[in-house]
Amino acid sequence: MDFESRRDLWAKYSPSMAYVAVTTSVGDESIGSAFHVGEGVFVTARHVVEGVEIREIATTESFRIPAEDQSRTPPGAITYIGGRARGKLNLVRGPLLHPDPEVDVAAFVVDYRDLPAIPLGDHLDDWLGSEFILSSAIVMGYPPVPTSAYPVLVSAGAEVNAVVDRYGTAHPHFVLSTMARGGFSGGVALSQFGFALGVITESLSRFGQPPEAGFLAALTVEPIYNCLAHHRILPLSQRAHWDGHWSSRNTFFYKQVLMDGEIGNDAGSVTRRLDPERPGILITSRDPTLLAAARAAASAVGPHTIRDEKAHLVEFNYLAATAGELATILGRAARAAVDVFRARGGLKEAGDSQDGDDELWP
């Protein structure tokens, strides 16, 4: 990646970076990094914000709001937002930790939503191979700079040297060529292709060695999606092209597994969606008797409308006053429909949970 390409990426997304100043349980002061992914949602490393007091969150790089968008400018603000004079952000929710305590990902939400959003890549764990090896990247974060009077955004060009599966972790890490430094944790590794490869989490070094002696590692994006979906804060810009993948949970019923591992003789499915654009329950079955029974069970849960109905499917939208109430109703309706399939007998069951949150679907 040439200088101009690196500089363009930096100019576009450096205003998305924030430092997180914290005080530990023993009174020590520390600093980490975070990056904005849209709608006021920031991603960081779990160890940056877990078990500490967050003293300050702030950006240091300015960006220009186009003249036609001046209506979005906070009262009394000038065209440039950010920078040391106007960079402080107010925490309104969080920190929100990944549901797996072994995964070094967390998020939080601030009161200012119009910072540029860094797009997350679509390289999920099962799809990740060697395609990024030797590609270029930029890392950005806030390692302390000796003698500096205030936090400074540090940026470095890097190359992806390896993709590793580590002991004790469920997700791949990118090994990057730039030097690891404390304070980069929670920062972003930006691919030359214009999206986040992952969140910087640690230095991979031998026991007792300083961080600078190790490899800089960035945890890939799937656990970031999982964390944001788990807490229902995945921004629209990040989920728009996933067709509800991160806000749905599916239960499939079938009669047999074919030789190639695919499901055969599909008996039906129940899908629960909490996507704000299309929340509801979708029930499918080629068996009209089974579909009718599942439909009746879901209908009895509460007031609803029928969004779509065909010979082999029915889609419900339930009426609720709040998002929390809707989640509870959707969980009950889905369970009622699932119980009908289970009572049928002779069916095998498979499911997935992209949000990873059993409490979301009680």
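Using the working numbering, you'd call the opening residue of the sequence shown number 37 and step up by one each time.
Just so you know, even glycine gets a beta-carbon here, dropped at the ideal spot from N, CA and C.
Just so you know, these numbers come straight off a predicted model, no measurement behind them.
Exposure label - residue i; buried when at least 16 CB within 10 Å
i	result
F210	buried
A303	buried
H277	exposed
T95	buried
Y55	buried
E361	exposed
E385	exposed
S273	exposed
Y178	buried
R91	exposed
P208	buried
F251	buried
A232	buried
P137	exposed
T214	buried
F39	exposed
I342	exposed
S61	exposed
S41	exposed
G130	buried
G165	exposed
A254	buried
V128	exposed
L132	buried
Which listed residue (the options) has its alpha carbon closest to that of residue i
i	options	result
V199	R217, T256, S273	T256
P271	E75, L366, P180, H348	E75
A347	L355, Y354, T325	T325
H267	A356, F78, S213	F78
R309	N353, G165, A373, S166	N353
A333	P137, L366, A356	L366
E86	A142, R217, A57	A142
I169	I90, Y261, V196, V145	V196
C263	V145, K48, T59	V145
W46	I93, D150, A173, R149	A173
I317	S191, E351, S41	E351
D162	E138, P259, E89, T237	P259
R378	F288, I154, R368	F288
Y49	V175, D64, E138, V374	V175
Y186	S66, G204, L349	S66
G338	R322, R368, G157, R314	R368
V235	D64, V306, G157	G157
S401	Y290, T237, P315, A254	No answer is possible for residue 401: the residues shown for the chain start at 37 and end at 398.
S191	S221, S166, V374	S221
V88	V58, V73, A206, F99	V58
P155	Y261, K291, M37, I319	Y261
Y290	R217, R322, S335, R275	R322
R371	I269, E345, A336, D344	A336
L212	G193, R275, G382	G193
Alpha-carbon spacing of residue i relative to residue j, whole angstroms
i	j	result
P16	F71	Since the displayed the chain opens at 37 and closes at 398, residue 16 lies outside it and no answer follows.
A330	V376	6 angstroms
H340	A328	16 angstroms
D147	N126	6 angstroms
V181	K124	20 angstroms
G223	S184	19 angstroms
R380	A225	50 angstroms
S171	N286	36 angstroms
R43	S239	25 angstroms
E97	P152	11 angstroms
A363	A356	9 angstroms
G204	T237	14 angstroms
D64	I319	54 angstroms
T307	W282	12 angstroms
H134	A265	10 angstroms
Span of the beta strand (DSSP E), counted from its first residue to its last, around residue i
i	result
V79	77-80
D44	Note, D44: premise wrong, no beta strand (DSSP E); alpha helix (DSSP H) at 39-49.
S172	172-177
L212	209-215
Y148	Where Y148 is concerned, there is no enclosing beta strand (DSSP E), given that its DSSP letter is neither H nor E.
V190	190-200
S321	Run containing S321: none; DSSP gives neither H nor E here.
T59	53-59
I342	340-346
F229	Careful: F229 lies outside any beta strand (DSSP E) and carries neither H nor E.
R314	Segment: none, R314 is in no beta strand (DSSP E) and carries neither H nor E.
V350	349-354
Unbroken alpha helix (DSSP H) run spanning residue i, endpoints
i	result
E258	258-266
L326	324-335
R129	It is not in any alpha helix (DSSP H) - R129 instead sits in the beta strand (DSSP E) that spans 127-133.
R275	272-275
Minimum Cβ-Cβ distance from residue i to chain C less than 8 angstroms
i	result
W282	Looking for chain C here will not work: only one protein chain is present.
Cβ-Cβ separation, residue j to residue i (assumed contact under 8 angstroms), whole Å
i	j	result
V139	R202	Not really, about 12 angstroms apart at Cβ, beyond 8 angstroms.
Q228	M53	Not really, about 18 angstroms apart at Cβ, beyond 8 angstroms.
Proximity test, residue i beta-carbon vs the ligand MG heavy atom, cut-off 7 angstroms
i	result
R82	The ligand content of the structure shown is nil, which means the ligand MG is not present either.
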